[in-house]
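Visitor:
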Amino acid sequence: MPQITVDYSGRLADAFDRPGFAQALHAATVEIAAAKPPACKTQFRPTEDTVVGPDTEGHAIVHVTIGLLAGRTEETKARLTETVLELLRQHVKPAEGLALHASAEVRDLDASYRKYDA
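Plus 19 on top of the position in the sequence shown (first one is 1) and you've got my numbering.
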């Protein structure tokens with residue numbers, strides 16, 4: 020915990036500083052949500068196709084999902100979500116000809132969540 024997943028349009032590959040974003044997000048998650056640094060895990064998943072409304076071209080999407088153990092306040096989750104969006108502004112360069120759609124959500128992990136570290 021936290022489990023962080025970043026889905027992003029593959030066309031952003033050269034414009035998105037993923038390692039820098041992950042490091043900054045981990046630091047923010049530790050500060051805002053009282054996570055432990057070694058517990059922060061981020062996976063990046065590029066997607067091939069992006070469709071926005073009727074458009075199949077000209078758009079790129081980044082969506083960040085953060086799963087935390089239950090117990091954080093709604094205010095903490097909202098603050099972390101806003102921080103994610105600010106960090107995306109800092110780590111995704113504008114790509115010519117692409118409108119960027121960035122979003123984030125912070126949710127509680129299900130009570131069944133377990134982990135195994137080897």
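The beta-carbon is built from N, C-alpha and C at its ideal position, and this holds for glycine as well.
This one's a predicted model, so the numbers in the text were calculated from it and none came from an experiment.
Just reading off the alpha helix (DSSP H) that Gln-47 is part of, what are its end residues?
Guide: According to the sequence as given, residue 47 is Ala; it is not Gln. It spans 37-52 - the alpha helix (DSSP H) in which Ala-47 sits, taken as one unbroken run.
Visitor: Just how far apart, CA to CA, sit Gly-39 and His-110?
Guide: Looking at the two C-alpha atoms, the distance is approximately 7 Å.
Visitor: How would you call Arg-30, buried or exposed, if buried means at least 16 neighbouring beta carbons within 10 angstroms?
Guide: Result: buried.
Visitor: For Pro-76, which of helix, strand or coil comes out of DSSP?
Guide: The question names Pro, yet the displayed sequence has Glu at residue 76. If DSSP states are grouped into helix, strand and coil, Glu-76 belongs with coil.
Visitor: Would you call Tyr-27 buried or exposed, if buried means 16 or more other Cβ atoms sit within 10 Å of its Cβ?
Guide: Classification of Tyr-27: buried, given that the 10 Å Cβ count is 16 or more.
Visitor: Could you have a look at Gly-29 and say whether DSSP puts it in helix, strand or coil?
Guide: Correct three-state label for Gly-29: helix.
Visitor: Within this structure, are the beta carbons of Thr-92 and Ala-47 separated by less than 7 Å?
Guide: No, the pair does not count as a contact, with Cβ atoms beyond the cut-off.
Visitor: Leaving out five residues before and five after Ala-43 in sequence, what residues of the same chain have Cβ atoms less than 8 Å from its Cβ?
Guide: Result list for Ala-43: Leu-106, Gln-109 and His-110, in chain order.
Visitor: Look up Val-125 in the DSSP assignment and say whether it is helix, strand or coil.
Guide: Strand at Val-125.
Visitor: Assuming Thr-61 and Ala-41 form a contact by the criterion Cβ under 8 Å, report the distance between their Cβ atoms to the nearest whole angstrom.
Guide: Contact holds; Cβ gap of about 4 Å.
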